[in-house]
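Report on the following structure.
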Amino acid sequence: MTDLEQETLEQNWDSYTSEQHAIWRTLFHRQEAVLARRACKPFLDGLKDLGVAADGIPDFRRLNDALDRATRWRIVAVPGLVDDDVFFAHLAHRRFPSTCFIRRPEQLDYLQEPDIFHDIFGHVPMLMNPVFADYMEAYGKGGLKALRLHNLEHLARLYWYTVEFGLIATPEGIRIYGSGIVSSKGESIYCLEHPKPHRIAFDLLRVMRTRYRIDDYQESYFVIDSFEQLFDATQPDFTPHYAALATLGDLNPGDVLPSDRLLERNSA
Ligand code: PHE
Ligand code: CO
498 MTDLEQETLE QNWDSYTSEQ HAIWRTLFHR QEAVLARRAC KPFLDGLKDL
548 GVAADGIPDF RRLNDALDRA TRWRIVAVPG LVDDDVFFAH LAHRRFPSTC
598 FIRRPEQLDY LQEPDIFHDI FGHVPMLMNP VFADYMEAYG KGGLKALRLH
648 NLEHLARLYW YTVEFGLIAT PEGIRIYGSG IVSSKGESIY CLEHPKPHRI
698 AFDLLRVMRT RYRIDDYQES YFVIDSFEQL FDATQPDFTP HYAALATLGD
748 LNPGDVLPSD RLLERNSA
């Protein structure tokens, strides 16, 4: 058995209880309402095209049929935390590692670790988008390289501020694509409408310099203009960026620089 195979398992879809399916439905319908005018179109389209998700915890075998047809990605079940090298290798091969457990009823609003609602509802709709799907594969390859170059911290910030907490500018206003936001009711509203957080135009090095917090809503969000912009900005070899970052130094999550282009919040 290879290292990779040891890390994956079966979802055992038949073993979910009706109470667990009900938790999924509650979360799903709540987020569907919150996200209608807050999530970006590719996310909402992806969710619709997956066609799985409203009835209860989705069966990965059915999700994988739709995903494979759209972008040749697939979901693999993992037991929670996997090592960085395994995580990046999955992405590099267009496999998205997902947990299988669902939060308990008293954890509807907040949970420290990712569960199946975050991993599937949050991440998989964007993997239906061809440009974003390619970005995620490139990120996995970049992760393996960052490991070799001992620069994981910088690259992890890019994942955090794009894949997990990214915003995108559209003619209708700022919209959400980050998985950590779309799977949270409170942060879906906060990130767009609250006066406190900074909404800063995306800049690759700026993002990689910026520390993040894992225990509260973000103090800064980075806003891309398009998924093509994100893909193009991350194509060049990061080796010179890593060298530059060593001298640039880190920024705190709430810092604002004179060179930052700040965007207006959406009106509620
Ligand atoms: N171009 C990056 C590198 O050379 C790889 C990468 C692509 C990283 C896309 C993140 C996202 O390391
Ligand atoms: Co996530």
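Under the working numbering, the residues of the sequence shown are numbered 498 to 765, in order.
All C-beta atoms in this analysis are idealised placements derived from N, C-alpha and C, irrespective of residue type, glycine included.
Practice item. Check H647 in the structure and name its three-state DSSP category. Key: Numbered from its first residue, the sequence shown carries residue 647 at position 150. Coil, per DSSP.
Exercise for review: Tell me A574's beta-bridge partners as DSSP assigns them.
Suggested key: Reading the sequence shown from its first residue, position 77 is the one you call residue 574. Paired residue(s): L506 and S595.
Review point. Is it the case that the Cβ atoms of S685 and L532 are separated by a distance below 8 Å?
Key: The residue labelled residue 685 in the question sits at position 188 within the sequence shown. The residue labelled residue 532 in the question sits at position 35 within the sequence shown. Going by C-beta atoms, S685 is nearer than 8 Å to L532.
Point to revise | Continuous alpha helix (DSSP H) assignments of at least 4 residues falling wholly in the stretch 618-667 | key: 621-624, 627-645 and 649-656
Review point. Helix, strand or coil: which one does DSSP assign to F719?
Key: Taking the first residue of the sequence shown as 1, we reach residue 719 at position 222. In the structure shown, F719 sits in a strand (DSSP, three-state: E or B).
Practice item. Would you list, in sequence order, the uninterrupted beta strand (DSSP E) runs of no fewer than 3 residues that lie entirely inside the stretch 666-712? Key: 670-673 and 695-698
Exercise for review: Label L564 either buried or exposed according to how many other C-beta atoms from any shown protein chain fall within 10 Å of its C-beta, with 16 as the threshold for buried.
Suggested key: What you label residue 564 is simply residue 67 of the sequence shown in a count that begins at 1. Buried, because 16 or more other Cβ atoms sit within 10 Å of the Cβ of L564.
Exercise for review: Please go through the same chain and pick out, in chain order, the residues whose beta-carbon is closer than 8 Å to the beta-carbon of I697, but skip the five residues on each side of it.
Suggested key: On the sequence shown, residue 697 is found 200 positions in, with the first residue counted as 1. So the qualifying residues of the chain are R703, S717, Y718, F719, V720, V753, D757, R758, L759 and L760.
**Study point:** Cβ neighbours of Q568 in the same chain (closer than 7 Å, five flanking residues each side left out)
**Key:** Position 71 of the sequence shown holds residue 568. Checking the sequence shown, residue 568 turns out to be Thr, not Gln. L624, M625, P627 and A630.
Review point. Does ligand 2 have a heavy atom nearer than 7 Å to the CB of E684?
Key: As a position in the sequence shown, residue 684 is number 187, starting the count at 1. Not under cutoff, so the answer is no.
Review point. Residues with a Cβ closer than 5 Å to any heavy atom of ligand 1, in chain order?
Key: A635, Y636, G639, K642, T731, D734 and F735
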